[in-house]
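Heads up: the sequence lines are chains A and B, in that order. All letters in the first sequence, in the order written, are residues 850 to 1152 by this note's numbering. All letters in the second sequence, in the order written, are residues 314 to 585 by this note's numbering. In this text, a Cβ means the ideal position worked out from N, Cα and C, and glycines have one as well. The structure presented is a predicted model; accordingly, all values stated were derived computationally and were not measured.
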Amino acid sequence: MNLDWGDITAQLLVFFVLATSLNFVIGFAKTLSIHHAALFAIGAFTYANFATRGWSEDLIVAIAAAGILGAGISVLLALGSLRVAGDYFIVASFAFQLLAVSVLYNWTAVSGGNYGLFGLAAPTFAGVPIEGVNGFIVLFALLALITLAFSIWLRRGPYGRIVRAMGESPSALATAGFGELRLKTGIFVMSGVLAATAGAMYASYLGIAQTGSFGVDVSILVAAMVVIGGVGSAVGSLLGAALVVISQPLLSTLDISTETSAALRQLFFGLTLVVVVTVLPRGLVQLGDLGRRLVPGRVGGAR
Amino acid sequence: MTEPLLRTDGITKRFGGFVAVDHVTTRVDEGEIVAFIGPNGAGKTTLFNLMTHMIAPTSGSVVFQGRELTHMAPHKVARLGIGRTFQDVRLFAEMTAWDNVAVFAQDLKTEKLGPGVLFPRSVLRGERAVRRRVDEVLDYLRLNDVAGVQADRLSFAQQKQVAIARCVARGAKLLLLDEPASGLDADERVEMETVVRKLVEDGVTVVLVEHNMDVVRALATRAVFLAEGRVVADDAPDRLLALPELAEIYFGAPKKDAGTDATSSPVPQEVP
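Pasting the structure below:
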């Protein structure tokens, strides 16, 4: 088999950051949402505009700007989610996703319309030039590591605890003295910053940003990563992103026609989801728990 | 009269044309155990929801320690020291008993990004205090054994105890218990009564909604009888439960109600 493992690794790391950002909202706050491809796009076009307009080719600058934009939009989305009861937010979230894509398509000055913005120069990071796939992998691995550490820290700490409690029962959380408004806004903002960061990483790596790569299908793909890996688990987002990103080119290397391989990909994807939700309802991270139970002499303590 | 811990002043709640709570004026003094009793639909739980401002009153007001609660968000009411449990318990189902209590033990400042996530030293210091507090509360209610168990895997009685533990962890001065005895067997009921008495000894004032009259007799220092949203009687439990007309409302008065009972006239009467 002839797989470009460098490319797969770089993309995997980007999608891990994006999946983590969605996990904050779906996994921790239990708010179903489907607008993360739009936040991803905002990050990508922020970098693309900074690079093509000659403002800055430093990824840190683009991430900072994209983070501010992602945070601002997430505040609005959080306020919206508080006005729409429960799971109905997914409809509003879907509407935002469609709206964002349509605005981008038509706002040619920012998005380059159908063609997108391309030929972006390779970035620097804090002044250090990033060269070749290996350069990107080193940088992205570093960013992914920070993301993973932050996600674990958040989940195990006091903020993550009350966000998860909000996901379980906002009315019971209110009796603890915590209001929904501040918490939901906070977790949405952290999620928005991270999604936009992933977008800036993505565009800087590909050297191109096209509206077509940020459709609702990407939102669904990322949601699948979160579910397959394990909803609410920090490590799960990594496993889910890995499985989805690696499986796609793997299936297309099979010696069959493109048409069959596309169908096969869909089939594989659907089967994976079905197997995971029936056999491993808590996602791939459950495999770790099962493994631990098989090792004698180790007693699982309270987490 | 001294200012009561909590009083309601002509509080009324209408749902469309239905008056669930109708001009209820009552008070709860410090150290009391007040039981609200009455038939289903008398407005007991609605009154609880009004007291914690989970729902807004149509008119009237609730005053806690001299502060009017009428326009306060539920989480702000909780911050003043009013704790409550729910008929349907509402634990954080996928979290452990320990984490359930920890939510109520952690500093209110942790809802901000700084002390909640971004400042590691402040987070770690806070978590140390949380660990001490949670262990202390679980000890107090003898729940240590179930600390690591996921809440939805606890027995119903244990879940109800964890719900009380949560309020204790937040240091509630007034505790509203919505049907604390429902679904418990005799032993579990005695255990619950012991817990409530211990709390009262330690300075908590308790209000409860309860259908089990043995529990009301055993626990309450005062009972308030509600029917159709109104206070019908307010007295010591023994005296109040001896009133024959209340038993009639509670268990239904067959002669009076026969004509309006839907099952007795299957065809609705058309009004010409």
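- Scanning chain A for C-beta atoms nearer than 8 Å to the C-beta of B/ARG441 yields nothing, as the closest lies near 11 Å away.
- Chain-ordered, the chain A residues with CB closer than 8 Å to the CB of B/MET367 read SER1020, ALA1023.
- In the structure shown, B/ARG403 adopts coil according to DSSP, grouped into three states.
- B/ALA485 is positioned such that its CB atom lies closer than 7 Å to that of B/GLY396.
- Counting along the chain, no alpha helix (DSSP H) covers B/THR315, and no H or E run does either.
- A Cβ-Cβ distance of about 17 Å is found for the pair A/ALA949 and A/VAL1042, leaving them out of contact under the 8 Å criterion.
- Within the model, the alpha-carbon separation for A/GLY1006 versus B/VAL436 is close to 7 Å.
- Pairwise C-beta distances place the region 359–366 of chain B in contact with the region 389–403 of chain B, as three or more of them are shorter than 8 Å.
- Under the 7 Å criterion on CB atoms, A/ARG1010 is classed as interfacial with respect to chain B.
- For A/ALA970, the secondary structure class from DSSP, reduced to helix, strand or coil, is coil.
- CA-to-CA, the gap between B/LEU488 and B/ARG446 works out to about 19 Å.
- Taking a Cβ-Cβ threshold of 8 Å, the residues of chain A close to B/GLN419 are PRO1007, ARG1010, ILE1011, in chain order.
- Around the Cβ of B/ARG441, a 10 Å sphere holds fewer than 16 other Cβ atoms; the residue is exposed.
- By the beta-carbon neighbour count (other beta carbons within 10 angstroms, threshold 16), A/TYR1054 is buried.
- The Cβ-Cβ distance between B/THR325 and B/THR371 falls below 7 Å.
- For A/GLY984, no chain B residue has a C-beta closer than 9 Å to its own C-beta; the minimum C-beta separation is roughly 29 Å.
- Taking a beta-carbon distance threshold of 7 Å, A/ALA1014 counts as an interface residue toward chain B.
- Listed by position along chain A, the residues whose Cβ is nearer than 7 Å to that of B/VAL436 are GLY1006, PRO1007.
- Listed along chain B is no residue with a C-beta nearer than 8 Å to that of A/LEU871; the closest approach is about 18 Å.
- The beta-bridge partner set that DSSP reports for A/LEU991 is empty.
- The beta-carbon separation of A/ALA887 and A/PHE1063, rounded to 7 Å, stays under the 8 Å limit for a contact.
- Look at the beta carbons and you see the region 336–354 of chain B touching the region 512–522 of chain B: at least three pairs across the two are nearer than 8 Å.
- With a cutoff of 7 Å on beta-carbon distance, A/PRO1098 and A/LEU852 are scored as near each other.
- Contacts with chain B at 7 Å (Cβ-Cβ) include A/ARG1031.
- With a beta-carbon spacing of about 6 Å, A/ALA970 and A/ALA900 fall inside the 8 Å limit used to define contacts.
- From the listed residues A/VAL1038, A/ILE1011, A/SER1040, A/VAL1126, the smallest Cα separation to B/PHE405 is found for A/ILE1011.
- Of the candidates A/ASP907, A/TYR1008, A/TYR937, A/ALA941, the residue whose Cα lies closest to the Cα of A/SER923 is A/ALA941.
- Not a single C-beta of chain B is nearer than 7 Å to the C-beta of A/GLY916.
- None of the residues of the region 524–535 of chain B has a beta carbon lying less than 8 Å from any beta carbon of chain A.
- Using a CB distance cut-off of 7 Å, B/HIS336 does not count as an interface residue toward chain A.
- DSSP, reduced to helix, strand and coil, places A/VAL1071 within a helical segment of the structure shown.
- Nearest to B/VAL509 by alpha-carbon distance, out of B/GLU523, B/ILE477, B/SER495, B/GLN378, is B/ILE477.
- Here DSSP, grouped into helix, strand and coil, assigns B/GLY427 to helix.
- Cβ neighbours of B/PRO550 within its own chain (closer than 6 Å, five residues either side excluded): VAL529, ARG530, ALA533, ALA536.
- Closest in alpha carbon position to A/ILE912, among A/TYR1051, A/VAL1126, A/GLY1079, is A/TYR1051.
- Remark: fewer than three beta-carbon pairs, one from each stretch, lie closer than 8 Å, so the region 994–1004 of chain A and the region 402–422 of chain B are not flagged as touching.
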